[in-house]
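Residues 173 to 437 in our numbering are what the sequence shown spells out, letter by letter.
Presented below is the structure to which this report refers.
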Amino acid sequence: MKFYERREVRDIIAYLRLIINNNDDLAFERIINRPKRSIGAITLKKIYTVAQSHTISFFEAAKMLVDSDQLTQRIKSSLNGFLGKIELWREIVTTKELFEFVEMIADQSGFIEMLEMEGILGVARMENIKELISSLKNFNNITAFLEHISLVMEVDNMKNDDTVYVMTLHASKGLEFPCVFLPGWEEGLFPHQRSFEDRSGKALEEERRLAYVGITRAKEKLTISCADRREINNQWQPMRTSRFIRELPRDNVAVVKSNIAYSRN
Numbered sequence: 173m174k175f176y177e178r179r180e181v182r183d184i185i186a187y188l189r190l191i192i193n194n195n196d197d198l199a200f201e202r203i204i205n206r207p208k209r210s211i212g213a214i215t216l217k218k219i220y221t222v223a224q225s226h227t228i229s230f231f232e233a234a235k236m237l238v239d240s241d242q243l244t245q246r247i248k249s250s251l252n253g254f255l256g257k258i259e260l261w262r263e264i265v266t267t268k269e270l271f272e273f274v275e276m277i278a279d280q281s282g283f284i285e286m287l288e289m290e291g292i293l294g295v296a297r298m299e300n301i302k303e304l305i306s307s308l309k310n311f312n313n314i315t316a317f318l319e320h321i322s323l324v325m326e327v328d329n330m331k332n333d334d335t336v337y338v339m340t341l342h343a344s345k346g347l348e349f350p351c352v353f354l355p356g357w358e359e360g361l362f363p364h365q366r367s368f369e370d371r372s373g374k375a376l377e378e379e380r381r382l383a384y385v386g387i388t389r390a391k392e393k394l395t396i397s398c399a400d401r402r403e404i405n406n407q408w409q410p411m412r413t414s415r416f417i418r419e420l421p422r423d424n425v426a427v428v429k430s431n432i433a434y435s436r437n
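Listed below in structure tokens is the structure:
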């Protein structure tokens with residue numbers, strides 16, 4: 173089974189999806205009772221009915237039910253606690269590093285406690301959660317991570333080997349392809365001009381790591397391209413080859429220069 177298809181990993185991903193989008197009914201349905209919150213089929217049916225009759229999300233329907241007299245006090249309390257946590261996490265999502273944020277969710281949701289009670293199977297699932305949290309250190313925010321997950325799962329399900337995928341270097345992490353094309357490797361573009369303004373050198377090193385990510389996505393053939401001239405602000409300007417190209421080991425690089433000139437019609 174692929175890593176992102178494991179039940180516990182999909183559960184945590186569903187939490188993240190619902191936190192950034194309370195209209196995600198599939199995510200709501202997946203985690204409303206993970207871990208168990210005494211919310212059974214009867215309560216879920218009431219949520220579905222309210223959502224359909226008012227044309228609203230399951231999340232909003234659940235909030236309406238909490239304010240109604242259709243639920244017992246026990247279920248109201250449980251459902252309200254779940255909704256409150258989702259809304260609280262949504263408010264603080266940008267205040268923490270992503271891996272720390274997910275650690276907090278796994279703990280405060282009761283998810284970790286649930287796994288601890290599952291014995292040997294729970295230990296294995298805990299390791300998967302730890303691996304997931306560790307991988308989040310490579311992402312700046314939830315949106316970037318979820319975009320990456322969508323791309324990974326799309327590639328995993330890909331049936332046509334001739335498919336062309338266009339993506340950012342960030343989104344390519346963890347993926348591999350037979351042939352990879354990396355355009356625009358010029359000073360001022362990659363690395364970006366802003367990297368030169370960071371005197372600590374951290375921004376430049378981060379872009380160098382991204383260059384490594386891009387290069388290592390290719391399983392068979394890698395093509396890196398750069399322009400001699402580029403139109404910037406309606407003016408043609410000469411460009412310098414990226415230092416990242418110059419840093420590549422010469423023995424593994426074949427340089428091909430094009431004599432094709434482009435002009436603006």
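Ideal Cβ positions, reconstructed from N, Cα and C, are used throughout, including at glycine.
The beta strand (DSSP E) that contains residue i, what's its start and end?
i      : result
Ala390 : 390 to 396
Leu341 : Note, Leu341: premise wrong, no beta strand (DSSP E); not H, not E.
Trp408 : 407 to 410
Glu180 : Run containing Glu180: none in the beta strand (DSSP E); it sits in the alpha helix (DSSP H), 179 to 192.
What first and last residue would you give for the alpha helix (DSSP H) that runs through residue i?
i      : result
Gln365 : 365 to 369
Ile292 : 291 to 307
Phe254 : 245 to 264
Val336 : Note, Val336: premise wrong, no alpha helix (DSSP H); not H, not E.
Lys235 : 230 to 238
Ser225 : 213 to 226
Leu420 : Element bounds for Leu420: n/a, residue is neither H nor E.
Phe283 : 283 to 288
Quick one: residues in its chain with C-beta nearer than 6 Å to the C-beta of residue i, no 5 flanking neighbours on either side, listed in chain order?
i      : result
Ser210 : Ser250
Met236 : Val222
Leu354 : Gly386, Ile396
Arg262 : Ile191
Sorted by chain position, which residues of the same chain lie with C-beta nearer than 7 Å to residue i's C-beta, five sequence neighbours on each side aside?
i      : result
Gly294 : Leu287, Glu288
Ala186 : Ala199, Arg202, Ile203
Gly282 : Pro207
Taking all protein chains shown into account, do 16 or more other C-beta atoms lie within 10 angstroms of the C-beta of residue i, making it buried, or fewer, making it exposed?
i      : result
Ile204 : buried
Lys391 : exposed
Lys302 : exposed
Leu188 : buried
Asp423 : exposed
Lys174 : exposed
Val352 : buried
Lys194 : For clarity, residue 194 is Asn in the given sequence; the question names Lys instead. Asn194 is buried by the Cβ-count criterion.
Phe230 : buried
Val425 : exposed
Lys345 : buried
Arg381 : exposed
Gln240 : In the sequence under discussion, the amino acid at residue 240 is Ser, which differs from the Gln named in the question. When all chains shown are included, Ser240 counts as exposed.
Phe368 : exposed
Ala278 : buried
Ile219 : buried
Thr215 : buried
Ala233 : buried
Note down, in chain order, each residue of its chain lying with its Cβ closer than 8 Å to the Cβ of residue i, except the 5 sequence neighbours on either side.
i      : result
Arg415 : Glu359, Pro363
Glu290 : Arg297
Asp400 : Pro410, Met411
Trp408 : Arg401, Arg402
Thr340 : none
Val238 : Lys248, Leu251, Asn252, Leu255
Specify the secondary structure class of residue i as computed by DSSP and reduced to three states.
i      : result
Val427 : coil
Arg402 : strand
Val352 : strand
Glu377 : helix
Glu326 : helix
Phe311 : coil
Glu201 : helix
Glu275 : helix
Glu269 : coil
Gln242 : coil
Leu382 : helix
Leu318 : helix
Can you name the residues that DSSP bridges to residue i?
i      : result
Gly360 : His364
Thr413 : Glu358
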